[in-house]
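*Asks:*
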Ligand code: ARG
C-alpha cells in the first residue's frame, strides 16, 4: 500500500518504505483485540447516531458491517494484511470494503489513541476474569487436597533443613492463601481497567457532543476517564495486570519447585501423575516433572514482561507516543503464560499421589522435636535461652550416637536437666508436637480445620465476585 493510499496518507507525497511498514505494524500482536475493537466501535457508532452526529441509517449500516467483520474474524476468513498496520485500521478497511464510504463515518470524534486505550482496557477486563477463574480453580484444588489428607504429618523446613513437623494440609493451604492474594491483585487489575477512555480522541477531547456515559454503560465500564491526556497515555492498568501475573507466576514457581523436590527419590513425598511427566530419550528409567520445571522456567519471562512494560513507560512525555505500541506484547504474554501455568499446576496438584508414609518417615528425622523439648523446659520456668542450650547438647549427643530425640530415656532427659518430668517424653511425640501448635494460624489440627473453613469462605467470596462480573 502506498503512503498516499493509507488512511492518514493525505499529507504524504511518497510511499512508505516496505520495511518500515513491517517495522511499524502492530497487527500480528493486536489482532488478538479484534473482538474488543469491534465491540467498542459498535458502541461508538450507536452513540454517534443517538447524539445526531451521524444519521441512524449510517450507524445501522456500520453496525451491520462490523458484525460481518466480526464473523469473518471468528470463522478465519478475514484476510489480515500487514499494510493495515494495526487491528483498528484492518477492521475499518474491511468495514469500508463491505459498507462503502459510509464506513468512513465510524472514526468521527475518535482517534486510534483513545480507541487502542479502549481495546486494551476491554481486553484487560476480559483477561482478569479469565485469570480469576483459573486462580480460583487452583485454590479449590489445593483446598480439596488439604481436606483429603487432614492429619497427615510432614516435615516443615526452613533453609530447606528440617525444622518442625507440620500438617500437609497446612502446607497446601499456605499456597491457597498466596493465591487468594493473587486474586486480590487480579481484582484490582480489573477495577483499574474499568474506566472508559473513549471520547478523549487524540489527546484533547473532541468538538463533537459525545455522550461518553452512554458508551461507558453500553460497554460495562463503571466510570468515564476524567482527563483526556491522561486517559490516552495511561497504561497503569496493563502494569497492574502484568504485576498481578508476575507475582502469581512467582507463587506457582515456588510451588513447582516443591513439587520437583518432593517427587525426587530423596524426598519421595509425592508421585507426579504420568499425564504430567515426561520420559528421557536415553535413560529408560526416567520420569521427569517437566511441566513443573517449565512453569518455574516461564517465570523468568513473566517477570521480564513486567520489567519491559515499566521501562517502556519510563520517560514518556504526554500524551500518546508510538513507544506505547510495545505495551501489548508483554502484557498479553504475561496473561497467556500465567493462564497456561495455572492450568498446568492445577493438573499436577489435582492428580499427584500424596505419599503419606514417606512424609511421616521424613517428619521423624531431623530432631524436629527439639523446639518442643526446649518449650517444655521454658514452660516449667527455665529461661528459654538456657533451655535452648540444654536441648542443643542433647541433639549433639543424639547425632553422635545416631539416635533420635524420641529414643532418649527419661533418665537421660533428667540427667540433662532436672526440670524434665515424666510427661517430657510425650512432648516429643510427632502428633503431639503438631497438635500443640494451637495459636491462630498454627499447624494444630483444630487450627487447620478452622483455616480450611476460612480458605473456603475466601474462595466463595471471590467466586461470587466473579459470577457477578461474568453476568454483567
Ligand atoms: N497500533 C497503535 C498502538 O498499539 C494504535 C495507536 C496508534 N496511534 C497513533 N497515533 N499512531 O499503540
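In the working numbering, the protein residues as written are 149 to 620.
Beta carbons: idealized from backbone N, C-alpha and C, even for Gly.
Quick one: Cα of residue 408 to Cα of residue 559, how far?
*Replies:* In a straight line, the C-alpha of residue 408 is about 43 Å away from that of residue 559.
*Asks:* Let me confirm a value: residue 470 is counted as buried when at least 16 other C-beta atoms fall within 10 Å, else exposed. Which label applies?
*Replies:* Classification for residue 470: exposed.
*Asks:* Check for me: the beta strand (DSSP E) holding residue 304 runs from which residue to which?
*Replies:* Residues 301-306.
*Asks:* Skipping 5 residues on each side, what residues in its chain have a beta carbon closer than 8 Å to that of residue 117?
*Replies:* As displayed, the chain neither begins before 149 nor continues past 620, which places residue 117 out of reach and without an answer.
*Asks:* Do residue 476 and the ligand ARG come close, with the Cβ less than 8 Å from some heavy atom?
*Replies:* For the ligand ARG, at least one heavy atom lies less than 8 Å from the Cβ of residue 476.
*Asks:* Using C-beta distances below 6 Å, list every residue in its chain close to residue 399, excluding the 5 sequence neighbours before and after it, in chain order.
*Replies:* Excluding positions up to five away in sequence, the list reads 326.
*Asks:* Taking the alpha helix (DSSP H) that residue 599 falls in, what are its first and last residues?
*Replies:* Where residue 599 is concerned, the enclosing alpha helix (DSSP H) stretches over 593-619.
*Asks:* Nearer than 8 Å: is that true of the beta carbon of residue 234 relative to any heavy atom of the ligand ARG?
*Replies:* Yes; taking the cut-off as 8 Å, the Cβ of residue 234 has a heavy atom of the ligand ARG nearer than that.
*Asks:* Label residue 253 either buried or exposed according to how many other C-beta atoms from any shown protein chain fall within 10 Å of its C-beta, with 16 as the threshold for buried.
*Replies:* By the 10 Å Cβ count, residue 253 comes out buried.
*Asks:* Pull the bridge partners of residue 313 from the DSSP assignment, please.
*Replies:* Answer is 303, bridged to residue 313.
*Asks:* For residue 262 and residue 346, which I take to be in contact (beta-carbon distance under 8 Å), what is that distance rounded to the nearest angstrom?
*Replies:* The Cβ separation is near 5 Å, so the contact holds.
*Asks:* Under the criterion of a Cβ to heavy atom distance below 8 Å, does residue 242 qualify as lining the ligand ARG?
*Replies:* Residue 242: no, Cβ never under 8 Å from the ligand ARG.
*Asks:* State the DSSP-derived secondary structure class of residue 567, mapped to helix, strand or coil.
*Replies:* Reduced to three states, the DSSP call for residue 567 is coil.
*Asks:* Going by alpha carbons, who is nearest to residue 269 out of 605, 454 and 364?
*Replies:* Nearest of 605, 454 and 364 to residue 269, Cα basis: 364.
*Asks:* If you draw a straight line from the alpha carbon of residue 672 to that of residue 426, how long is it in whole angstroms?
*Replies:* Residue numbering for the chain in the displayed model covers 149 to 620; residue 672 lies beyond these limits and cannot be assessed.
*Asks:* Under 8 Å, with one C-beta from each stretch per pair, do the stretch 537-549 and the stretch 483-496 reach the 3-pair mark?
*Replies:* No, the stretch 537-549 is not in contact with the stretch 483-496.
*Asks:* Once the 5 residues before and after residue 394 are set aside, which same chain residues still bring their CB inside 6 Å of it?
*Replies:* If we look at residue 394 and ignore the five residues flanking it on each side, its Cβ neighbours are 450, 451 and 454.
*Asks:* Considering only C-alpha positions, which residue in the set 513, 170 and 538 is nearest to residue 143?
*Replies:* Here the chain comprises residues numbered 149 to 620, so residue 143 is not present and cannot be evaluated.
*Asks:* Taking the alpha-carbon positions, what's the residue 344 to residue 437 distance?
*Replies:* Whole-angstrom Cα-Cα distance: 44 Å.
*Asks:* Between the C-alpha atoms of residue 249 and residue 227, what's the straight-line distance to the nearest angstrom?
*Replies:* Residue 249 and residue 227: Cα-Cα distance of roughly 20 Å.
*Asks:* Using CA atoms only, rank isn't needed, just tell me which of 541, 415 and 586 is closest to residue 511.
*Replies:* Nearest C-alpha to residue 511: 415.
*Asks:* Measuring straight from C-alpha to C-alpha, what distance separates residue 461 and residue 360?
*Replies:* About 27 Å.
*Asks:* By how many angstroms is the C-alpha of residue 371 removed from the C-alpha of residue 190?
*Replies:* Each residue's alpha carbon lies about 19 Å from the other.
*Asks:* Quick one: is residue 503 buried, meaning 16 or more other Cβ sit within 10 Å of its Cβ, or exposed?
*Replies:* Flag for residue 503 reads buried.
*Asks:* Going by CA-CA distance only, name the one from 525, 389, 508 and 200 that's closest to residue 479.
*Replies:* When only C-alpha atoms are compared, the closest one is 389.
*Asks:* If I measure Cβ to Cβ from residue 538 and keep anything under 7 Å in the same chain, skipping five residues before and after, which residues do I get?
*Replies:* Same-chain partners within the cutoff: 525, 564 and 565.
*Asks:* Quick one: residues in its chain with C-beta nearer than 8 Å to the C-beta of residue 534, no 5 flanking neighbours on either side, listed in chain order?
*Replies:* The answer, listed in chain order, is 525.
*Asks:* For the stretch 498-554, list the beta strand (DSSP E) runs that are entirely contained and at least 3 residues long, ordered along the chain.
*Replies:* Within the stretch 498-554, no complete beta strand (DSSP E) run reaches 3 residues.
*Asks:* Counting pairs of beta carbons, one from the stretch 603-614 and one from the stretch 274-285, are three or more of them closer than 8 Å?
*Replies:* Short answer: they touch.
*Asks:* Tell me the residue span of the alpha helix (DSSP H) that contains residue 590.
*Replies:* Per DSSP, residue 590 belongs to no alpha helix (DSSP H) and is neither H nor E.
*Asks:* So the candidates are 397, 456, 316 and 317; which of them puts its Cα closest to the Cα of residue 383?
*Replies:* Among 397, 456, 316 and 317, the Cα nearest to that of residue 383 is on 456.
*Asks:* Any heavy atom of the ligand MG inside 8 Å of the beta-carbon of residue 350?
*Replies:* Of the ligands this structure carries, namely the ligand ARG, none is the ligand MG.
*Asks:* On the CB-based measure, 16 or more other CB atoms within 10 Å of its CB, does residue 338 come out buried or exposed?
*Replies:* So residue 338 counts as buried.
*Asks:* May I ask you to check if the CB of residue 178 is nearer than 8 Å to at least one heavy atom of the ligand ARG?
*Replies:* Indeed, a heavy atom of the ligand ARG lies less than 8 Å from the Cβ.
*Asks:* Taking residue 446 as part of the alpha helix (DSSP H), name the residues at either end of that continuous run.
*Replies:* Unbroken alpha helix (DSSP H) run through residue 446: 438-461.
*Asks:* According to the neighbour-count rule (16 or more other Cβ atoms, all chains shown, within 10 Å of its Cβ), is residue 381 buried or exposed?
*Replies:* Buried: at least 16 other Cβ atoms inside 10 Å.
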